[in-house]
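Quick note, the sequences are listed as chains A and B, same order. Under our numbering, think of the first position of the first sequence as 1, with each following residue one higher. Under our numbering, think of the first position of the second sequence as 1001, with each following residue one higher. Glycine residues also receive a C-beta, built at the ideal position from the N, C-alpha and C atoms.
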Amino acid sequence: MELWANLIVLTWAVAFMLWQGVGFAITLGTVFAIWAILAVSLNLVVGFTGLLSIGHIGFFGIGAYAMAFLTSDASYEQLRTEAIPTLGWPFFAALPVSVVLAGVTALLVGIVFNRFRDDIFVLVSFGFAIIAFSVFLNLRSVTRGAFGIHEIERPAIGGWVLDGEVEFLVFALICLALVVLVCWLIVTSSFGRVLTAIREDEEAIAVFGYQVTHYKLAVWVISAMMAGLAGGLFGSWTTFIDPNSFILLESMLLVCIVILGGLATIWGSLLGAMAFVLLDEGMRFLPFIPSEFVGQARQIVLGILLVLLMLFRPQGLVGRYRL
Amino acid sequence: MGAQLASYRDRQSQLLAIALAVAAIAYVVWKISESPEQALQFAFNGLSVGAVYALLAMGFTLVYSTVWFFDLYYGAAAAIGAYGVFYLRSGEALGGLYEVNEPFVNVAFAAVVAGVVAWALREGLYTRLRTRYRTRNLILAASLLSAAAGGYAGLVLARPNEIEVLLSPAIGVVVGLAVLWMVRRGHRLAHGRALTGPLLAVAAIVAAIAGGYCALLVADAPGSRLYLSWAVSCLLAGTVGLALYRGLYVHMIARARSPLIMLVASLGVLLAMTAATTIVFQAAPRPLPDAFGSDPVVIAGATIKGFNVFTIAVALVGFAGLWLLLKQTSFGKAVRAIGDDEEVAKVVGINTTVVIAVVFFIGAVYAALAGLLSGHDTAIQPRMGLLLLLKGWIASVVGGLGNLYGAIVGGFALGMVEQFGIWDLAGEWRDVISFGVLILFLSFWPKGLLPRK
């Protein structure tokens, strides 16, 4: 089954690339990289620690908005809508801020959320996603609300601006590789083993003298920082963000990716993100689905897949841990 | 040490509760002194919003305290309730502007109804009849009956403008049977033996007359269309909920290691259903037809809409109905027994599958009712369900998870807090207020206002 899942998704990816040409594959690659960072980081929380969080998109949004607020150099006076100060930071100065801001928010949120478990944790993480969305939409002096923020910086190294798609793809993949490396280091370390133990039996590991809350908080913050990184990348890549990219639905889709790929495996999350991106873009070319329904059709397929997985394979395609 | 810590936390929580309650009362008093008219207005709005939350919370609590997992399908059920009314009434009331009537939808619901009727026949009649008749004949009769029921449901969906004519025979039959059942039961209670012979014939005739009269009444009243649409869409949402339990959840619950499996599966259901709703009805908000004429009454400076009063009344009646069902009938006893321990309930001879299926049905009906009531009040959107469901969930946490009284108290309390909260803040922060209340409660009073015993 695992072998088949790998084979199918990878063949599908290659076939798709050959079919649609390299140019399209590059765009897809960037989308994949961003989703994959999110999925891998969420898997740290959901798969390895056993906390089903549906609020991850909030940290993604915080990263994106930090990037947008700091680097946007649009002159809003001409647009005659609500203006925000033009700071015009360079990308590489703003990216750490995205990461740190997401991390600090996660720390504050995590201190409150730490005592919740199981379905109550799901509920409050829903709450976090909704509160974050409300803030993005309504705190107009920072986010410009529904107008969104335009002209977000592309990364520039020295005088070399990464405004080509290929350069950005390479950059995004490097970020993804870094995230995967960090995750791998975490899950193979003793720290990661404690996380797994927390997932299996929180009381038992507490008896051994581990401060369970500290471990959970730490992994929560690390995961949020990775999501903040993905957010910074996303803002810079699209150069325009508005709150619609950070709705609760996206968060639920993200959970779908993680569970679809497999809990408690890094490779599974990569595979899940790839399958997700391919599903979306693959459906765009199916003749019998009208173009305006592509997103909905994908959602239906994901929903049904999720149900089937829970019925027959609760650990996901290549997962190690059954929910 | 642990106990000391717990008692300290308790005292801290108590002090915080008192402080917050005093602050809330002071705030409300200040607001009333500032502008009594507006305070009345906000209080009324709070009650009418709270009624919707209370309905959701009641259905939610009923299901949660029986199977102990959060079923996100109720979000979809709320949307089905609202969109069902839209589907049935879009042709005439909105000038036919957004008329939708998809054969595909009709067939899908017809299939669900047929399946559920077949299941009900099997559970209800098969065991009693199988000694008397051949299995083959029973299966044939059951298939015909369920196909007929499904076809009937499909027909009602396909011809919404004749809904009162189409439904009146069914209502007549239901009323007739209900009257007959009540007479028989009354006789048995009074005389200690079953109703037989000529008495039974008289009772049947009386029941037939009552049923026929009701059927005529329904068919003649043109205003009944909207209410029949409500009934139909609630029943459909309930049927889908039952079908989901019987067709899907029942296979998982036995194997699920944690309630999260069920939650994720129901998340999949919610995602798929929301997307399907969006495909059929599009994502843009849609209005529902006016339920009552829009003539608001002004009492002491507050505008009071008849429909909102009606919503509050529905919540109270819904509470009374659920209370009667759970506390006064043997069915309610069975529900509570299953909530306490499903295995033991099975051992003492409760057909847990049937009882839980009915619980799912009732929960979905309540959610659908909440969805359509809030839909009439504002607009409907395919995404509306999840947010409503979360509010219901919050309300039941605030009231006390798994407690019926808590559900209604929590619903109204949440509505009031939300409305008074957005007085000084803007309306768009209401979700933030709700979740703030949730986190506050979970942190300090995780058992809610009225803890389950």
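Please classify residue i as buried or exposed, where buried requires at least 16 neighbouring CB atoms within 10 angstroms.
| i | result |
| --- | --- |
| Y1087(B) | buried |
| S1233(B) | buried |
| V1409(B) | buried |
| M1001(B) | Because the pLDDT of M1001(B) is 39, which lies under 50, any placement of that residue in the model is unreliable, and the number read from its coordinates should be weighed accordingly. M1001(B) should be labelled exposed. |
| A1003(B) | Low local confidence applies: a pLDDT of 48 at A1003(B) is under 50, so the model's placement there is unreliable, and no value is given. |
| G319(A) | buried |
| Q1014(B) | exposed |
| S189(A) | exposed |
| S1330(B) | exposed |
| S291(A) | exposed |
| F285(A) | exposed |
| G1186(B) | exposed |
| L323(A) | buried |
Measuring only the C-alpha atoms, how far is residue i from residue j?
| i | j | result |
| --- | --- | --- |
| G1349(B) | L1056(B) | 31 Å |
| A264(A) | S1168(B) | 57 Å |
| A1276(B) | A273(A) | 23 Å |
| Y1249(B) | I1261(B) | 10 Å |
| G127(A) | W267(A) | 29 Å |
| W19(A) | Y1053(B) | 51 Å |
| A1114(B) | I1171(B) | 18 Å |
| S1443(B) | G1406(B) | 18 Å |
| E275(A) | M283(A) | Residue identity differs from the one stated: residue 275(A) is Ala in this sequence, not Glu. Spanning the two alpha carbons is a distance of roughly 12 Å. |
| L1005(B) | I26(A) | Unreliable placement is indicated for L1005(B), whose pLDDT of 49 sits below 50; no coordinate value is reported for it. |
| L1216(B) | E1164(B) | 10 Å |
| D1220(B) | G1448(B) | 48 Å |
| A1019(B) | F1441(B) | 14 Å |
| G1059(B) | L1180(B) | 29 Å |
| F1292(B) | G1091(B) | 18 Å |
| H1251(B) | G63(A) | 41 Å |
| Y1083(B) | A1108(B) | 15 Å |
| I130(A) | R117(A) | 19 Å |
| G1332(B) | A1118(B) | 24 Å |
| L1316(B) | L1047(B) | 11 Å |
| M1416(B) | R1188(B) | 47 Å |
| V1280(B) | E1102(B) | 8 Å |
| G1339(B) | W1068(B) | 8 Å |
| M1(A) | R313(A) | 10 Å |
Just to confirm before moving on: does the CB-CB distance between residue i and residue j stay below 9 Å?
| i | j | result |
| --- | --- | --- |
| I222(A) | S41(A) | yes |
| I257(A) | A5(A) | no |
| V1049(B) | Q1419(B) | yes |
| F946(B) | L1195(B) | Any question about residue 946(B) goes unanswered here, given that chain B covers just 1001 to 1453. |
| L123(A) | R1383(B) | no |
| I84(A) | I149(A) | yes |
| I57(A) | L233(A) | no |
| G316(A) | L308(A) | no |
| E1037(B) | A1302(B) | yes |
| V179(A) | V1264(B) | no |
| R154(A) | F91(A) | yes |
| A1337(B) | A1345(B) | yes |
| G1402(B) | S1035(B) | no |
| G1411(B) | A1079(B) | no |
| T1353(B) | Q296(A) | no |
| V277(A) | V31(A) | yes |
| E151(A) | A74(A) | yes |
| S269(A) | M67(A) | no |
| L1404(B) | L1062(B) | yes |
| A102(A) | M252(A) | no |
- Task: Could you tell me whether the segment 1155-1162 of chain B touches the segment 1391-1402 of chain B, using the rule of 3 or more Cβ pairs below 8 Å?
- Result: Short answer: they don't touch.
Exercise for review: Jot down the residue ranges of each uninterrupted beta strand (DSSP E) in the segment 1218-1302 of chain B, minimum 3 residues, whole runs only, in chain order.
Suggested key: 1297-1299, all fully within the segment 1218-1302 of chain B.
Original post:
If we count Cβ pairs, one from each stretch, closer than 8 Å, do we get three or more for the segment 1066-1080 of chain B versus the segment 1131-1151 of chain B?
Top reply: Remark: fewer than three beta-carbon pairs, one from each stretch, lie closer than 8 Å, so the segment 1066-1080 of chain B and the segment 1131-1151 of chain B are not flagged as touching.
If we count Cβ pairs, one from each stretch, closer than 8 Å, do we get three or more for the segment 1112-1128 of chain B versus the segment 1295-1309 of chain B?
Here the segment 1112-1128 of chain B makes no contact with the segment 1295-1309 of chain B; the two share fewer than three CB pairs at distances below 8 Å.
- Taking three-plus beta-carbon pairs below 8 Å as touching, is the segment 1272-1291 of chain B in contact with the segment 1368-1384 of chain B? Contact between the segment 1272-1291 of chain B and the segment 1368-1384 of chain B is present, because at least three Cβ pairs lie under 8 Å.
Exercise. Going along the chain, which unbroken runs of the alpha helix (DSSP H) with 4 or more residues stay wholly within the segment 1055-1121 of chain B?
Worked result: The segment 1055-1121 of chain B contains these whole alpha helix (DSSP H) runs: 1073-1089 and 1103-1121.
Does the contact criterion of 3 or more C-beta pairs under 8 Å hold for the segment 230-248 of chain A versus the segment 127-143 of chain A?
In short, these stretches touch, since the Cβ pair count reaches three.
Item checked: Every unbroken alpha helix (DSSP H) within the segment 11-54 of chain A, with a cutoff of 4 residues, ordered by chain -> The segment 11-54 of chain A contains these whole alpha helix (DSSP H) runs: 22-43.
Worksheet item: Hey, which unbroken runs of the beta strand (DSSP E) at 3 residues or more fall wholly within the segment 220-276 of chain A?
Response: Listed in chain order, nothing qualifies, since the segment 220-276 of chain A has no complete beta strand (DSSP E) run of 3 or more residues.
Which full runs of the alpha helix (DSSP H) of 4+ residues lie inside the segment 1145-1194 of chain B, going along the chain? Inside the segment 1145-1194 of chain B, DSSP marks whole alpha helix (DSSP H) runs of 4 or more residues at positions 1163-1191, from first to last along the chain.
Q. Residue ranges of each alpha helix (DSSP H) run of no fewer than 4 residues wholly in the segment 1300-1379 of chain B, ordered along the chain?
A. Within the segment 1300-1379 of chain B, the complete alpha helix (DSSP H) runs of at least 4 residues are 1306-1328, 1330-1340, 1342-1347 and 1352-1377.
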